[in-house]
Amino acid sequence: MPSTRSALTVAAIAGAVAWGALALPFGQQARPGYDDTPMQPDGKWRVHDSRRPQPPVVRPVSFVNIPPPGDAVVLLGPGDDLSAWQMDDGKPVSWSISGGVLQSGKGYVRTRAEFTDIQLHLEFATPSEAKGDSQGRGNSGVFLAGVFEIQVLDSFENPTYADGQAAAMYGQHPPQVNASCPPGEWQSYDIAFTAPRFAADGKLSAPAIVTVFHNGVLVHNARPFWGPTAHKKIDPYVPSTARGPLRLQDHGNPVRFRNIWVRELREPDERARDHE
Ligand code: MG
Numbered sequence: 000m001p002s003t004r005s006a007l008t009v010a011a012i013a014g015a016v017a018w019g020a021l022a023l024p025f026g027q028q029a030r031p032g033y034d035d036t037p038m039q040p041d042g043k044w045r046v047h048d049s050r051r052p053q054p055p056v057v058r059p060v061s062f063v064n065i066p067p068p069g070d071a072v073v074l075l076g077p078g079d080d081l082s083a084w085q086m087d088d089g090k091p092v093s094w095s096i097s098g099g100v101l102q103s104g105k106g107y108v109r110t111r112a113e114f115t116d117i118q119l120h121l122e123f124a125t126p127s128e129a130k131g132d133s134q135g136r137g138n139s140g141v142f143l144a145g146v147f148e149i150q151v152l153d154s155f156e157n158p159t160y161a162d163g164q165a166a167a168m169y170g171q172h173p174p175q176v177n178a179s180c181p182p183g184e185w186q187s188y189d190i191a192f193t194a195p196r197f198a199a200d201g202k203l204s205a206p207a208i209v210t211v212f213h214n215g216v217l218v219h220n221a222r223p224f225w226g227p228t229a230h231k232k233i234d235p236y237v238p239s240t241a242r243g244p245l246r247l248q249d250h251g252n253p254v255r256f257r258n259i260w261v262r263e264l265r266e267p268d269e270r271a272r273d274h275e
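Per my numbering, the very first residue in the sequence shown carries number 0; after that it's consecutive.
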């Protein structure tokens with residue numbers, strides 16, 4: 000019946016208008032994220048898409064403590080030695096450190112050394128007091144080869160866009176599950192990272208690949224990056240991303256770090272040659 004259909008249409012429009020009015024007070028969206036960002040390369044979602052489903056929550060979880068193996072490069076040990084680190088601009092580290100716990104401050108820190116393929120262990124804790132929401136709560140980040148961010152965020156009962164929550168390959172892939180601990184508790188990332196490879200002409204020959212365990216729970220299984228991670232955009236690979244430092248982000252929230260070490264990954268034959 001035309002009259003019924005038009006009545007339904009009017010109801011649908013009225014509903015949409017009401018939803019729009021509800022969804023947009025103060026210019027905000029009902030769900031955190033964006034609907035005007037570029038489509039991701041696989042064509043499924045936009046960067047930071049507000050409609051992308053939240054990963055299922057896994058509880059309980061517990062951080063994993065792994066002391067550095069004998070062949071590890073210790074970047075942050077039990078003491079207050081920051082000799083492995085500097086600010087991004089080369090100045091001495093201005094973040095505070097006490098008893099082997101480094102707390103984020105103004106500016107990014109980076110390792111003096113640069114790496115390619117690594118195993119990384121790192122422990123972190125977001126502030127005990129859960130202040131702010133979405134990207135404003137306990138935000139920091141672990142940048143592999145300087146430019147590939149594994150997000151650090153308080154994602155315990157703190158909705159944000161799926162590709163920006165804790166352990167996300169920022170702006171690219173959400174973790175398979177949300178394995179976050181409550182704010183203030185220590186958490187761990189165990190990461191295997193393969194740096195991108197480039198041909199002599201500078202063309203990408205193999206993308207960066209990452210495997211991530213968040214609090215012992217697998218959240219990325221050998222997943223490639225589309226390029227360096229970025230906010231609201233898609234950046235292309237460039238040959239300079241073939242190696243780089245480990246960097247930790249300042250996002251205005253005091254996040255603590257401890258027990259950070261890497262093992263530089265090499266093929267067994269190369270390793271054996273080193274010991275001949
Ligand atoms: Mg971050």
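Think of the CB as a built atom: it goes at the ideal place given N, C-alpha and C, for glycine as much as any other residue. All values derive from a computational prediction rather than experimental measurement.
Asked	Found
heavy atom of the ligand MG below 7 Å from V56 C-beta	no
Contacting residues, own chain, Cβ-Cβ under 6 Å from F256 (five flanking each side not counted)	L101 and F123
Whole-Å CB distance - D116 paired with N157, under 8 Å assumed	Not quite, the Cβ-Cβ distance comes to about 33 Å (not below 8 Å), so this is no contact.
Nearest-residue set for the ligand MG, Cβ under 7 Å from any heavy atom	N138, S139, G140, E148, Q150, V151, L152, Y169, Q248 and H250
Burial state of M168, where buried means 16 or more other Cβ atoms lie within 10 Å	buried
Three-state secondary structure assigned by DSSP to Q248	coil
Segment contact, 8 Å Cβ cut-off, at least three pairs: the segment 210-227 with the segment 45-64	yes
In chain order, each beta strand (DSSP E) run of at least 3 residues that lies wholly inside the segment 208-237	208-213 and 216-223
C-alpha gap between E184 and A221, whole angstroms	27 Å
Proximity of G163 and Q175 at Cβ, strictly below 8 Å	no
7 Å CB neighbourhood of K105 in its chain, flanking five on each side removed	S93 and D249
Rounded C-alpha distance that separates A191 from V209	6 Å
C-beta atoms of N177 and V254 nearer than 8 Å	no
Short Cβ contact (8 Å threshold) for K231 with Y33	yes
Alpha-carbon to alpha-carbon, D80 and T240	28 Å
Nearest residue (CA-CA) to S154, options E148, R196 and A165	A165
Other residues of its chain near R109: CB distance less than 6 Å, five sequence neighbours each side excluded	D87, P244 and R246
Nonlocal neighbours in the same chain, by C-beta distance under 6 Å from Q53, ignoring five residues either side	A161
Cβ pair W225, P40 closer than 8 Å	yes
Own chain partners of P67 with C-beta closer than 7 Å, once the 5 adjacent residues on each side are dropped	V73 and W260
Start-end ranges of the beta strand (DSSP E) lying completely within the segment 61-116, minimum 3 residues	72-75, 84-86, 95-97, 100-102 and 108-110
Proximity to S204 [Cα-Cα], best of V237, P173, Q118 and R45	V237
N- and C-terminal bounds of the beta strand (DSSP E) containing S204	L203 to A205
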